[in-house]
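Numbering (the UniProt record's numbering), first residue to last: 1 to 244. Note that the Cβ used here is the ideal one computed from N, Cα and C, for glycine as well. Predicted model only: the values in this text are computed from it and were never measured. Remarks on the structure that follows.
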């Protein structure tokens with residue numbers, strides 16, 4: 001399959017301005033994400049940005065980038081504009097988070113593989129939760145799936161509720177999954193979901209993917225064994241640098 005990988009990267013982050021250009025052991029964050037994506041089976045990788053500094057930096061290390069509008073509220077919207085501007089006949093698009101410099105190429109390929117099923121509209125990754133701290137962390141969205149491995153619901157709270165069971169052993173009574181924030185879109189579906197208004201569930205949980213479910217779209221999931229390392233704040237960056 002011909003699959004286009006797009007990495008949304010905006011400069012003006014509230015918690016970490018200029019995050020895509022921050023240095024991680026001699027390479028910028030966006031370069032590390034780009035190079036990891038290139039190791040996958042993607043046909044092409046493209047950075048979608050709203051800042052000339054990021055654009056010039058990506059082109060400087062030999063990458064491809066496109067300038068998008070500054071008003072986009074989500075990476076999905078930015079991906080769709082980049083796809084339109086790129087004007088290439090890709091049927092599938094993978095949205096790769098620009099703040100995960102150590103994403104595994106195998107994870108990107110796993111999302112792509114979901115589209116081998118003709119019924120797949122949207123795709124994402126999930127990972128089994130093994131520890132109660134992660135299960136009850138509201139900053140780590142969870143996902144409930146059906147028997148066809150399609151998402152039923154995403155929540156910041158653990159679902160289902162294990163009645164009459166202590167909270168710290170819920171993960172031993174039921175298999176819970178953490179959502180890994182990489183998305184795959186069929187191109188025609190990407191166009192449709194960017195036209196949707198915000199939904200009540202999305203606004204309640206502050207999770208964009210609930211908008212798609214609430215409007216009847218299906219999200220196929222694939223199970224990954226790899227953890228992702230997202231960098232949201234300068235403190236996160238410090239931890240990663242110390243680990244490296």
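Here's a check: name, in chain order, each residue in its chain whose Cβ is nearer than 7 Å to the Cβ of residue i, leaving out the five neighbours to either side.
| i | result |
| --- | --- |
| residue 22 | 28, 29 and 237 |
| residue 37 | 5, 7, 45, 96 and 108 |
| residue 146 | 152 |
| residue 33 | 7, 96, 98, 100, 101 and 103 |
| residue 168 | 132 |
| residue 229 | 100, 102 and 240 |
| residue 156 | 138, 141 and 205 |
| residue 175 | 128 |
Please list, in chain order, all residues of the same chain as residue i whose beta carbon is under 6 Å from its beta carbon, the five residues on each side excluded.
| i | result |
| --- | --- |
| residue 58 | 47 and 65 |
| residue 181 | 97 |
| residue 197 | none |
Can you give the beta carbon distance from residue i to residue j, rounded, assuming they're within the 8 Å contact cut?
| i | j | result |
| --- | --- | --- |
| residue 158 | residue 136 | 6 Å |
| residue 105 | residue 40 | 4 Å |
| residue 117 | residue 177 | Contact doesn't hold; Cβ gap of about 19 Å is too wide. |
| residue 232 | residue 91 | Contact doesn't hold; Cβ gap of about 32 Å is too wide. |
| residue 93 | residue 187 | 6 Å |
| residue 110 | residue 9 | The pair is not a contact, with the Cβ atoms about 22 Å apart (cut-off 8 Å). |
| residue 112 | residue 184 | 7 Å |
| residue 81 | residue 69 | 6 Å |
Leaving aside the five residues before and after residue i along the sequence, list all residues of the same chain whose C-beta is less than 8 Å from its C-beta, in chain order.
| i | result |
| --- | --- |
| residue 219 | 121, 122, 123, 124, 150, 151, 209, 212 and 213 |
| residue 171 | 129, 130, 131, 132 and 135 |
| residue 199 | 210, 211, 214 and 215 |
| residue 86 | 4, 46 and 66 |
If you reduce the DSSP assignment to three classes, tell me which class residue i lands in.
| i | result |
| --- | --- |
| residue 90 | coil |
| residue 11 | coil |
| residue 5 | strand |
| residue 75 | helix |
| residue 186 | strand |
| residue 145 | strand |
| residue 70 | coil |
| residue 178 | strand |
| residue 207 | coil |
| residue 110 | helix |
| residue 219 | strand |
For this session: Report yes or no: do three or more beta-carbon pairs, one from the region 24–34 and one from the region 99–112, lie closer than 8 Å?
Result: Cβ pair count under 8 Å is three or more, so yes.
For this session: Would you mind listing the beta strand (DSSP E) stretches within the region 114–141 that are 3+ residues and don't spill past its ends, in chain order?
Result: DSSP runs (the beta strand (DSSP E)) wholly in the region 114–141: 122–128.
For this session: Take every Cβ of the region 187–199, pair it with every Cβ of the region 227–242, and state whether three or more of those distances are shorter than 8 Å.
Result: Contact between the region 187–199 and the region 227–242 is absent: fewer than 3 CB-CB pairs across the two stretches fall below 8 Å.
For this session: Mind listing, in chain order, the continuous alpha helix (DSSP H) runs of no fewer than 4 residues lying wholly within the region 149–175?
Result: Listed in chain order, the complete alpha helix (DSSP H) runs (minimum 4 residues) inside the region 149–175 are 170–173.
Exercise. Whole beta strand (DSSP E) runs in the region 21–68 with 3 or more residues, listed along the chain?
Worked result: You should have 44–49 and 65–67.
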